[in-house]
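Asks:
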Amino acid sequence: MSKDPEAKPDETPATPTETEIRSALEGLRRSNEQQQRVAKVARLLFVYYPILVDNMEPEDLIHEAVVAVLEGRRDWDMANVDFPMFLIGVMRSLAYNEARKAHETRPRYVRESDLEHSESSEDREGFLASVPADTPSPEKKLIKDEQEAEEDALLAIIQAQLSDDLDVMRVLELELEGVPKREIREQLRMEDKHFWTIDRRIVRTFEAAAKRRRNHDD
Amino acid sequence: MTIKPGKTPPPDALLEQALEFIAEAPKEQFLEYLKETGEDPRELSKMTADAVASAIKAFGQRQLAVARAEQERKLTSIEALRARISTYGGNVRTAFSHMVSEAENGGYKVSLQHRLRQLDDLSDEEIKAMMLELLVVLQSKKDENKS
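Sequences listed follow chains U and E, in order.
Throughout the first sequence, residue numbering follows this note's numbering, covering 15 to 232 in sequence.
Throughout the second sequence, residue numbering follows this note's numbering, covering 811 to 957 in sequence.
1. In terms of residues, what are the limits of the alpha helix (DSSP H) holding E:Ala877?
2. At a cut-off of 8 Å, is U:Pro152 close to the ligand FAD when judged by its beta-carbon and the heavy atoms of the ligand?
3. If the criterion is Cβ atoms closer than 9 Å, does the pair U:Asp166 and U:Arg215 meet it?
4. Using beta carbons (cut-off 9 Å, strictly below), is E:Lys952 in contact with chain U?
5. Considering only the alpha carbon of each residue, which of U:Ile172, U:Asn69 and U:Val52 lies closest to U:Ile76?
6. Out of U:Gly103, U:Leu176, U:Phe97 and U:Ala38, which has the shortest C-alpha to C-alpha gap to U:Ala56?
7. U:Ala223 and U:Gln175 - do their beta-carbons sit closer together than 9 Å?
8. What does the alpha-carbon distance come out to for the pair E:Thr818 and U:Gly192?
9. Strictly under 9 Å for the Cβ-Cβ distance: is E:Ala893 near chain U by that measure?
10. Check distances from the C-beta atoms of the segment 175 to 206 of chain U to those of chain E and list, in chain order, the residues that come in under 9 Å.
11. In chain C, what lies closer than 9 Å to U:Ile65 by C-beta?
12. Hey, would you say U:Val80 sits closer than 9 Å to E:Ala828, going by beta carbons?
13. What in chain U is Cβ-close to E:Lys837, meaning under 8 Å?
14. Go through its chain and collect everything with a Cβ distance to U:Phe60's Cβ below 6 Å, but skip five positions before and after it.
15. Inspect the beta-carbon positions of U:Glu78 and E:Ala865 and report whether they are closer than 9 Å.
16. What distance in whole Å lies between the Cβ atoms of U:Gln49 and U:Leu58, which are believed to be in contact at a cut-off of 8 Å?
17. On the DSSP letters alone, give me the boundaries of the alpha helix (DSSP H) that U:Ile198 sits inside.
18. The alpha helix (DSSP H) spanning U:Gly103 covers which residue range?
Set out below in structure tokens:
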């Protein structure tokens, strides 16, 4: 779906006109395959950010992304990025922002006994008086710690399920480092078909683990 | 596995890779993945098609609302100008000539048609209509300069 990866990005990409955006949307309308890819991305983002269901459905995410693009709120470097890839990036960004907002506004019950206090209760007043304003509250720290523990657990499950295949583990390691897929293929000297089959297994395992985490949170 | 400061957390990195797979994997790999994850391709196509159609419609409606608001603003502005003209007392011909001179002094070019008209041949109402026309043009020029 991407264009020539060797092409150097223009310094000032031309802003696409509304006509060009509408033409790209027409192209999306005509391609079942591209529509399926966009919808699958929306569903995966809802698996990964389950809190999104508080306010929207996967189709709403696609809707909002298209409106944002039509209103010119997102810059599309049309010379270097194909439209579906661009739209997927917009959806990912919107999902991240919506999930962050939902986490900030959703009321959350935290047991007093789970909070970490460095001072005894008798010294609490003096302790609070000495806390700088930007220090995370015990509640925020607990929530952050829990999130990190969840992320570690998710990764451990994925690694355990893929550990039977050395090639898969090598690809996974590089993907975790953020190495682009093209470079991974070159670095590991893998045939395209072999690489994509491995990558498919990693993605499937990731999605299944994220689904289990979501169901556990429910 | 330890995470270096500033690096993407591992699950986020995997999400990025998964999105890239969905966007770029060869068709047969993508379709196999849909099958493995229990997705109905037709349902997915319809989901995107419906969402895109509703987004285009919503965008069109918003554009229409903006255009209507702009039209409303212009009409209100014209009404205000008309009210201003109705307050001119005395000779409308003199007032009109004065208005043309003011516009020219302000750096606007007023067409010869306006300057050469035989004002005496026109009725007061016709001159008021010309005054309104001139004021509307000047107003829109000012709006253009502001934006």
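Glycine included, C-beta positions come from ideal geometry on N, C-alpha and C.
In this text the structure is predicted, and so the values were computed from the model without any measurement.
Replies: On the basis of the coordinates in this document:
1. Pro851 to Ser896
2. In the structure on display, the ligand FAD does not appear, and there are no ligands present to speak of.
3. no
4. no
5. U:Val52
6. U:Gly103
7. yes
8. 8 Å
9. no
10. Leu186, Glu187, Glu189, Leu190, Glu191, Gly192, Pro194, Lys195 and Asp206
11. Of the protein chains in the structure, U and E, none is chain C.
12. no
13. Glu47
14. Leu66 and Pro72
15. yes
16. About 15 Å separates the two Cβ atoms, so there is no contact after all.
17. Lys195 to Leu202
18. Phe97 to Thr119
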